[in-house]
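Shown next, in structure tokens, is the structure this report addresses.
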Amino acid sequence: MSVRIAGAPLDAADSPRVQPRARWNWLAAAGTEAKLLLVGIPVLLWTLIPIYHLVLFAISPKQEAFSGALFPEHPTLRNFEIVFGQRHYFLSHFWQQLWNSVFIAFSTGVLTLLIATSAAFAISRLKVRGGRTVMNLALFTYFIPAAFLAVPMYKTMGAYGLLNTKWALILAMVTIASPYAIWVLKQASDKLPLELDEAAVMDGATPPQLFWFVYLPLMTPSLVAIGVYALLLAWNEYLFAFLLLSRDTDVTLPVALGSFLAADDSPWELLMTTGLIYALPPAAIYYVFRRYMVGGLTAGAVKS
Amino acid sequence: MSGTRATTIDDAALATAPRAFRLDAWQAWGVILVAPYLLVFLFFVIYPVGYGLWLARDPASYAHLAADPIFARTVVNTLVFLIVGINLKMAIALFLSGFFTHERRWIRWLSVLFILPWAVPSIPTILSVRFMLNPEWGVVNQIIFRLTAEDGPNWLNDPRLGLALAITVHIWKSLPFWTLILLAGRLAISSDLYEAASVDGATGWQKFLHVTWPSMRALYVTCTILSMIWTLGDFNSVYLLTGGGPADLTHVLATLGIRYLRLDQIDHSMAAVVCAMPFVLPLVYVLMRRLSK
């Protein structure tokens, strides 16, 4: 096979005719850059337009936003003042709803970590009997789309008397988050050398000591990734939140945003502002923990 | 003779006793530590699923479903959503994963921004798109009016356009995740293979066909199956963009269940979910075979 490109002979460097080769290379390089830009610019626009539109609405006066302006001619923080001051009847519980979101996200993160870490430790390090079955059950739950579990979960929470309490949503989110958490943590623990456990046991360590002094310190990066995963999952959840919570003082921010849709005269500029405030923390958390997230979360999916 | 034998057994028993005891203690701790998850599984997976199946036990609800034109439309919509949405998304993700392997400073910056749709919650961005498409005040139709002096289409009020836009929103949201996964797959391919191909004078397309694709095929198939299951459960893209409208013509299975719940027809809702199971369970089985090694 010698489909060599004309004008770029391999021995060109040895020949005195360096000039045309250099120019050709420059052209080829420019061609490659042009092709990359031809992909890169549409990707940039595609990615940013909905987000730009959201930000544009949040910082524009209402008339300007509704007139289809593409750039903020009179940028203002007035919308943020209205939201933070709860000065619109759609937003009269903004701070309470923000707190509900925070509380539910952190509780889900902590509970998922507790449940998943101990289960992964028992299965991977203590080799508990039936551990494989538990793994398969967890994996099975992970693969069933959560939307299909929503209606029975709603009925179940009603039967347990938890409907319209924060715990209904927290427990539902822990149920959805923990299978993946156990799976990822189990894979990470399998990679820790067995000799560590053996050495600790020789020194007379009991399982709780092994867990606390050997296992947890070594697992920290995966634990961070999983904690953040569960936290973001709960923060972002819309379907379960709007099914399981209904009082204005109980709902999380996404449910409050969704309820804007019910009215025809919705204050869209305030909706977008609240949406932007709600979207910033997860984006910030994601970028802060990006190193952990990409490594920890794609590892499971790529393994095949 | 028998005395000696007895001693050996005693010795053996003595030697293993602490070990056996240790194993029992470890097993006991193992059970204690797995118990919280098992309780969660029992109360919030087994019980709801059993309850759901019990609610869906009446054959009459399936007859009702079959007779409901909205259900038939939903099945078609779901299939279109899956077939078009997933193949388009995975093909673009495969292409873009190749784009992101190029080492340029600006491409690295672009890859950081490119993650945004996946990193931010879907509600604000979907609502943003929804308003962009508003026929009167949305920026899309205002631009169309400025350019052509004619009114643009009523985007979300047309069932076909509405479904197509819901698919677009779904792709916008999940494309970064799959691009990232396929990029990781591409980066795992040894660069020696590409160098050897270059020496043989292979073109870019030939390299893709003979080096990239054979190494990526298994990953691509796994991703496609996983994406099929997750796309089937995508509630937000349809519900927040079109709300299933106009006239309930853009529902998919994930939103139809909630519609029946709203109408207080919970047995229909569960029956609709049960109807999806013959499709979902084989996919789950294949995935578990592929991933639980």
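Protein chains in written order, with the numbering used here: chain A, 229 to 532; chain B, 30 to 322.
Here a beta-carbon is modelled for each residue, glycine too, at the ideal position from N, C-alpha and C.
Partners in chain B for residue i, counting only beta-carbon separations shorter than 7 Å
{"i": "residue 389 of chain A", "result": "Within chain B, no residue comes near residue 389 of chain A; the closest Cβ sits about 13 Å away, beyond 7 Å."}
{"i": "residue 480 of chain A", "result": "Chain B residues near residue 480 of chain A: none, gap ~10 Å exceeds 7 Å."}
{"i": "residue 275 of chain A", "result": "142, 143, 145 and 146"}
{"i": "residue 289 of chain A", "result": "Those do not exist, as residue 289 of chain A stays about 14 Å from chain B at its closest Cβ, beyond 7 Å."}
Simplified DSSP state of residue i, which is helix, strand or coil
{"i": "residue 178 of chain B", "result": "coil"}
{"i": "residue 244 of chain B", "result": "helix"}
{"i": "residue 239 of chain B", "result": "helix"}
{"i": "residue 187 of chain B", "result": "coil"}
{"i": "residue 444 of chain A", "result": "helix"}
{"i": "residue 143 of chain B", "result": "helix"}
{"i": "residue 527 of chain A", "result": "Note that residue 527 of chain A scores a pLDDT of 49, beneath 50, so its modelled location is shaky; the value from the coordinates is reported in the next line. Three-state result, residue 527 of chain A: helix."}
{"i": "residue 519 of chain A", "result": "helix"}
{"i": "residue 487 of chain A", "result": "helix"}
{"i": "residue 352 of chain A", "result": "helix"}
{"i": "residue 129 of chain B", "result": "coil"}
{"i": "residue 331 of chain A", "result": "helix"}
{"i": "residue 219 of chain B", "result": "coil"}
{"i": "residue 231 of chain B", "result": "coil"}
{"i": "residue 433 of chain A", "result": "coil"}
{"i": "residue 497 of chain A", "result": "helix"}
{"i": "residue 306 of chain A", "result": "helix"}
{"i": "residue 392 of chain A", "result": "coil"}
{"i": "residue 263 of chain A", "result": "helix"}
{"i": "residue 294 of chain B", "result": "coil"}
{"i": "residue 383 of chain A", "result": "helix"}
{"i": "residue 369 of chain A", "result": "helix"}
{"i": "residue 44 of chain B", "result": "Because the pLDDT at residue 44 of chain B is just 46, under 50, the model does not fix this residue reliably, and the point stays unresolved."}
{"i": "residue 93 of chain B", "result": "helix"}
{"i": "residue 311 of chain A", "result": "helix"}
{"i": "residue 426 of chain A", "result": "helix"}
{"i": "residue 420 of chain A", "result": "coil"}
{"i": "residue 37 of chain B", "result": "Annotation note: pLDDT 44 at residue 37 of chain B (below 50); position unreliable, coordinate value reported separately. Correct three-state label for residue 37 of chain B: helix."}
{"i": "residue 371 of chain B", "result": "Here chain B comprises residues numbered 30 to 322, so residue 371 of chain B is not present and cannot be evaluated."}
{"i": "residue 455 of chain A", "result": "helix"}
{"i": "residue 289 of chain A", "result": "coil"}
Neighbour list for residue i in chain A, Cβ cutoff strictly below 7 Å
{"i": "residue 264 of chain B", "result": "375 and 467"}
{"i": "residue 275 of chain B", "result": "None at all; the shortest Cβ gap to chain A is about 15 Å."}
{"i": "residue 223 of chain B", "result": "Going along chain A, no residue has its Cβ under 7 Å from residue 223 of chain B, so there is no contact; the nearest lies around 15 Å."}
{"i": "residue 105 of chain B", "result": "Under the 7 Å cutoff, chain A gives no residues; its nearest Cβ is about 19 Å from residue 105 of chain B."}
9 Å Cβ cut-off: residues of chain A touching residue i
{"i": "residue 182 of chain B", "result": "Going along chain A, no residue has its Cβ under 9 Å from residue 182 of chain B, so there is no contact; the nearest lies around 16 Å."}
{"i": "residue 317 of chain B", "result": "364, 367, 368 and 371"}
{"i": "residue 166 of chain B", "result": "293, 294, 295, 296 and 496"}
{"i": "residue 258 of chain B", "result": "371, 372 and 373"}
{"i": "residue 70 of chain B", "result": "362, 365, 366, 369, 403, 406 and 407"}
{"i": "residue 172 of chain B", "result": "296 and 298"}
Cβ-heavy atom distance, residue i to the ligand MN, below 7 Å
{"i": "residue 279 of chain A", "result": "For the structure depicted, the ligand MN is absent and the ligand set is empty, with no information on it obtainable."}
Residues that residue i contacts on chain A, provided the C-beta gap is smaller than 8 Å
{"i": "residue 125 of chain B", "result": "267 and 271"}
{"i": "residue 305 of chain B", "result": "376"}
{"i": "residue 65 of chain B", "result": "342, 343, 346 and 347"}
{"i": "residue 283 of chain B", "result": "373, 375 and 376"}
Per-residue contacts from residue i into chain B (C-beta, under 8 Å)
{"i": "residue 383 of chain A", "result": "77, 80, 81, 84 and 295"}
{"i": "residue 485 of chain A", "result": "152, 153 and 156"}
{"i": "residue 332 of chain A", "result": "Those within 8 Å of residue 332 of chain A in chain B number zero; the least Cβ separation is about 13 Å."}
{"i": "residue 519 of chain A", "result": "Within chain B, no residue comes near residue 519 of chain A; the closest Cβ sits about 12 Å away, beyond 8 Å."}
Per-residue contacts from residue i into chain B (C-beta, under 9 Å)
{"i": "residue 428 of chain A", "result": "Those within 9 Å of residue 428 of chain A in chain B number zero; the least Cβ separation is about 12 Å."}
{"i": "residue 264 of chain A", "result": "128, 131, 133, 135 and 136"}
**Asked** For the segment 446-471 of chain A, which residues have a CB atom closer than 8 Å to at least one CB atom of chain B, in sequence order?
**Response** Listed by position along the chain: 463, 464, 466, 467 and 471.
**Asked** Got a sec: which bits of the segment 286-298 of chain B sit with their beta carbon under 9 Å from any beta carbon on chain A, in order along the chain?
**Response** Across the segment 286-298 of chain B, CB contacts with chain A closer than 9 Å involve 286, 287, 289, 290, 295 and 298, in sequence order along the chain.
**Prompt:** For the segment 75-95 of chain B, which residues have a CB atom closer than 8 Å to at least one CB atom of chain A, in sequence order?
**Reply:** Identification of residues in the segment 75-95 of chain B having a C-beta nearer than 8 Å to some C-beta of chain A yields 76, 77, 78, 80, 81 and 84, given in sequence order.
**Request:** Assess, as a yes-or-no matter, whether the segment 286-301 of chain B is touched by the segment 83-97 of chain B under the definition of 3 or more beta carbon pairs within less than 8 Å.
**Result:** Contact annotation: the segment 83-97 of chain B touches the segment 286-301 of chain B, with at least three C-beta pairs closer than 8 Å.
**Request:** Could you name the residues of the segment 501-514 of chain A whose beta carbon sits closer than 7 Å to any beta carbon of chain B, in the order they occur along the chain?
**Result:** Those would be 503, 504, 506, 507, 510, 511 and 514, in chain order.
**Request:** Below 8 Å between beta carbons is the criterion; list the residues of the segment 339-352 of chain A that meet it against any residue of chain B, in chain order.
**Result:** Within the segment 339-352 of chain A, the residues whose Cβ lies closer than 8 Å to some Cβ of chain B are 342, 343, 344, 346, 347, 349, 350 and 351, listed in chain order.
**Item:** Where the segment 136-164 of chain B meets chain A: residues whose CB sits under 9 Å from a CB there
**Value:** The residues in question are 136, 139, 141, 142, 143, 144, 145, 146, 147, 148, 149, 150, 151, 152, 153, 154, 155, 156, 157, 158, 159, 160, 161 and 163.
**Prompt:** Taking a cut of 7 Å between CB atoms, which residues from the segment 301-325 of chain A lie near chain B?
**Reply:** Listed by position, the residues of the segment 301-325 of chain A near chain B (Cβ gap below 7 Å) amount to none.
**Request:** State whether the segment 416-433 of chain A contacts the segment 463-483 of chain A, with contact taken as three or more CB pairs (one from each stretch) at a distance under 8 Å.
**Result:** Contact check between the segment 416-433 of chain A and the segment 463-483 of chain A: fewer than three CB pairs, one atom from each, fall below 8 Å, which does not count as touching.
**Asked** At a Cβ cut of 7 Å, what residues of the segment 234-247 of chain B count as close to chain A, listed as they run along the chain?
**Response** Under the 7 Å Cβ criterion, the segment 234-247 of chain B contributes 247.
**Prompt:** With contact counted as at least three CB pairs below 8 Å, one residue from each stretch, are the segment 281-298 of chain A and the segment 493-502 of chain A in contact?
**Reply:** As far as the Cβ criterion goes, the segment 281-298 of chain A touches the segment 493-502 of chain A, which means the pair count is three or higher.
**Request:** Mind checking the segment 390-412 of chain A against chain B and listing, in chain order, the residues whose C-beta falls within less than 8 Å of any C-beta there?
**Result:** Interface annotation for the segment 390-412 of chain A against chain B: 399, 400, 402, 403, 406 and 410, criterion Cβ-Cβ distance under 8 Å.
**Item:** Stretch pair the segment 70-84 of chain B + the segment 275-285 of chain B: three plus CB contacts closer than 8 Å
**Value:** With the cut-off at 8 Å, the segment 70-84 of chain B and the segment 275-285 of chain B do not touch.
**Asked** Relative to chain A, which residues along the segment 185-205 of chain B have a C-beta separation below 9 Å, given in chain order?
**Response** So the list reads 198, 201, 204 and 205, given in the order they occur along the chain.
**Request:** Count the CB pairs spanning the segment 146-154 of chain B and the segment 224-241 of chain B that are closer than 8 Å, and state whether there are at least three.
**Result:** Inter-segment contact for the segment 146-154 of chain B and the segment 224-241 of chain B is absent: fewer than three beta-carbon pairs are separated by less than 8 Å.
**Message:** Contact between the segment 245-260 of chain B and the segment 201-218 of chain B is defined here as three or more beta-carbon pairs at a separation below 8 Å; is this criterion met?
**Reply:** Short answer: they touch.
**Item:** At least three beta-carbon pairs within less than 8 Å, the segment 183-198 of chain B to the segment 100-112 of chain B
**Value:** Contact between the segment 183-198 of chain B and the segment 100-112 of chain B is present, because at least three Cβ pairs lie under 8 Å.
**Prompt:** When the Cβ atoms of the segment 388-400 of chain A are set against those of the segment 441-460 of chain A, are three or more pairs found closer than 8 Å?
**Reply:** The answer is no - the segment 441-460 of chain A does not touch the segment 388-400 of chain A, with fewer than three Cβ pairs under 8 Å.
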